[in-house]
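Per my numbering, the sequence shown runs over residues 316 to 711.
Beta carbons: idealized from backbone N, C-alpha and C, even for Gly.
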Amino acid sequence: MFFGWNKVSKGFHLASTWLTVFGASISALWILIANAWMQFPTGMTFNPDTVRNEMTDFWAVALSPIAINKFFHTVTSCWVVGSAACIGVSAWFLLKKRHIDFAKKSIQIGAIVGLVGILLTIYTGDGSAYQVAQKQPMKLAAMEGLYKGQTQAPLVAVGILKPHEKAMQDIENPSYFNIGIPYALSFLSYRDANAFVPGITDLLNGGYPTQDGSKELSAKEKMESGKKAVMALADYKKAKKAGNDYESKKQLEILNANYANFGYGFIKDESELIPNVAITFYAFRFMVIFGSFFIIMFLAVTYFIGKKKPFENYTWFLWLCILCIPLAYMVSQSGWLVAEMGRQPWVIQDLMPTSAAISAISSSSVATTFIIFCVLFSVLLIAELSIMFKQIKKGF
Ligand code: HEM
Numbered sequence: 316m317f318f319g320w321n322k323v324s325k326g327f328h329l330a331s332t333w334l335t336v337f338g339a340s341i342s343a344l345w346i347l348i349a350n351a352w353m354q355f356p357t358g359m360t361f362n363p364d365t366v367r368n369e370m371t372d373f374w375a376v377a378l379s380p381i382a383i384n385k386f387f388h389t390v391t392s393c394w395v396v397g398s399a400a401c402i403g404v405s406a407w408f409l410l411k412k413r414h415i416d417f418a419k420k421s422i423q424i425g426a427i428v429g430l431v432g433i434l435l436t437i438y439t440g441d442g443s444a445y446q447v448a449q450k451q452p453m454k455l456a457a458m459e460g461l462y463k464g465q466t467q468a469p470l471v472a473v474g475i476l477k478p479h480e481k482a483m484q485d486i487e488n489p490s491y492f493n494i495g496i497p498y499a500l501s502f503l504s505y506r507d508a509n510a511f512v513p514g515i516t517d518l519l520n521g522g523y524p525t526q527d528g529s530k531e532l533s534a535k536e537k538m539e540s541g542k543k544a545v546m547a548l549a550d551y552k553k554a555k556k557a558g559n560d561y562e563s564k565k566q567l568e569i570l571n572a573n574y575a576n577f578g579y580g581f582i583k584d585e586s587e588l589i590p591n592v593a594i595t596f597y598a599f600r601f602m603v604i605f606g607s608f609f610i611i612m613f614l615a616v617t618y619f620i621g622k623k624k625p626f627e628n629y630t631w632f633l634w635l636c637i638l639c640i641p642l643a644y645m646v647s648q649s650g651w652l653v654a655e656m657g658r659q660p661w662v663i664q665d666l667m668p669t670s671a672a673i674s675a676i677s678s679s680s681v682a683t684t685f686i687i688f689c690v691l692f693s694v695l696l697i698a699e700l701s702i703m704f705k706q707i708k709k710g711f
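Here you go:
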């Protein structure tokens, strides 16, 4: 697709373009289903003999609400990134007064796809936030810098957080300043403006009523339950090896009863359960604020291109379009920071903490692999960027 321009027929090139889109989206689907499963493990049962979570329901995994939201949010946000790149490169052509008609057409298409993309991204982003509230409440609390739960909770539009230790001592006022949108967090999280949104300390202390009316366990209770599950698995294996059916059945019952908290059995201190609040909080604001900025940006592009004055004469705006290329990438990466930093300490939510997932290999081999990856990917990045820049400079 990239090198085929003018080398193959137009129809062939168009077909390969659509196939690239389709192939990349399908590839993203499987990656995101796997990622979503780690954030919300479902459709599996734990097999104590193989010590694996084994899939029992493919569709529950593939169509989990987290997987669906992640897929559509990621793909539509890529439309935004792609449109920003298309508009930015075309703006560069206009600045250089080359391929003027082609660049203008590309800008028009980019603005339409971008506008549709950003509206869908916001819609699916809202769906993602709703799912996070149900399935990963600690991530939501970190995203909002919410230390003490609230009914009618406001959504923080902008704010500066106190350092985590200070905020833990002053949970009523965890930020130096913030501007909140009244009721919005309760509504966005539970579709009820009066709903209670638990904060970080509530999630540690437990005791508040959950949506289904039961009482939420405290972190300590979950850690005790998790330890029972971990012990029961070890005792089950011993009993099985010794051929003691009665004991292995008993241990299996204990394991199953406590399995939902299995990962908590590896947690030594409840403070480990809190993700990095500052990174999650600021990355979320960066994504939403600059993400929303793209609505204005795409509307402005449509406005300026429709005006009588030639679009190429708005030099400052063309530069802004070029700057939007890295900005869109940064917005997208900040989304990943929210998703992955916010889920810590879990590799698999509630079942496996990151600390238990690391392999027993020496730090020197980790360092060596890391350096090899850094060098290799930097070389690939430089190669890719130089090919792209060369191709853009060359035009067509
Ligand atoms: C403006 C409204 C937006 C909202 C409310 C929103 C909401 C969210 C939420 C809640 C997550 C975390 C999902 C999870 O942890 O499972 C997320 C992740 C993400 N966001 Fe956004 N987002 C918005 C805009 C954007 C924009 C404009 C982009 C990119 C151009 C973007 C790209 C991403 C990416 C790549 C992820 C990681 C994948 C994922 O977890 O879905 N978001 N977003």
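- Taking residue 361 as reference, the option from 355, 371 and 352 with the minimal CA-CA separation is 371.
- Counting every other CB atom within 10 Å of its CB across the protein chains shown gives residue 396 a total of 16 or more, marking it as buried.
- According to the DSSP assignment, residue 448 belongs to the alpha helix (DSSP H) that extends over 415-450.
- For residue 520, same chain residues with a beta-carbon under 7 Å away, outside a window of 5 residues either side, are 533 in chain order.
- Assigned with DSSP and collapsed to three states, residue 673 falls in coil, not helix or strand.
- Contact between residue 394 and residue 428 holds: their C-beta atoms lie close to 6 Å from each other, under 8 Å.
- Exposure of residue 373 is indicated by the presence of fewer than 16 other C-beta atoms within 10 angstroms of its C-beta.
- The beta carbons of residue 472 and residue 495 sit closer together than 8 Å.
- Burial check for residue 385: the Cβ neighbour count within 10 Å reaches 16 or more, so the residue is buried.
- Counting along the chain, residue 359 sits inside no alpha helix (DSSP H); it lies in the beta strand (DSSP E) bounded by residues 359-362.
- Scanning 387, 477, 461 and 665 for the CA closest to the CA of residue 501 turns up 461.
- For residue 367, the enclosing beta strand (DSSP E) starts and ends at 367-370.
- For residue 681, the enclosing alpha helix (DSSP H) starts and ends at 678-709.
- Relative to the ligand HEM, even the nearest heavy atom lies 7 Å or more away from the CB of residue 623.
- Distances from the alpha-carbon of residue 400 to those of 637, 679, 417 and 658 put 637 closest.
- Residue state for residue 496 is assigned as strand, using DSSP reduced to three classes.
- The DSSP-derived three-state label of residue 668 is strand.
- A distance criterion of 7 Å places the beta-carbon of residue 342 beyond contact range of the ligand HEM, judged by its closest non-hydrogen atom.
- Distance check between residue 398 and each of 626, 617 and 650 places 617 closest, using alpha-carbon atoms only.
- A direct Cα-to-Cα measurement between residue 576 and residue 366 gives close to 15 Å.
- For residue 602, the shortest C-beta to heavy atom distance toward the ligand HEM is below 7 Å.
- Relative to the ligand HEM, the nearest heavy atom lies less than 7 Å away from the CB of residue 381.
- When DSSP states are grouped into helix, strand and coil, residue 511 belongs to the strand group.
- Using a Cβ distance threshold of 8 Å, residue 355 and residue 379 count as a contacting pair.
- Going by C-alpha positions, residue 436 is about 22 Å away from residue 452.
- Of the residues 689, 701 and 517, the one whose Cα lies closest to the Cα of residue 487 is 517.
- Runs of beta strand (DSSP E) with 3 or more residues, each lying fully within the region 566-594, are absent.
- If you compare the alpha carbons of 592, 529, 326 and 350 with that of residue 478, the shortest gap goes to 592.
- Distances taken from the Cβ of residue 433 to the heavy atoms of the ligand HEM include one shorter than 7 Å.
- The Cβ atoms of residue 673 and residue 578 lie no closer than 8 Å to each other.
- Per DSSP, residue 320 lies in no beta strand (DSSP E) segment and is marked neither H nor E.
- DSSP places residue 398 within a helical segment (H, G or I) once states are collapsed to three.
- Fewer than three pairs of CB atoms, one per stretch, sit closer than 8 Å, so the region 408-422 makes no contact with the region 596-615.
- Annotated as proximal: residue 430 and residue 613, with beta-carbon spacing under 8 Å.
- For the 8 Å CB-CB criterion, residue 331 and residue 316 form a contact.
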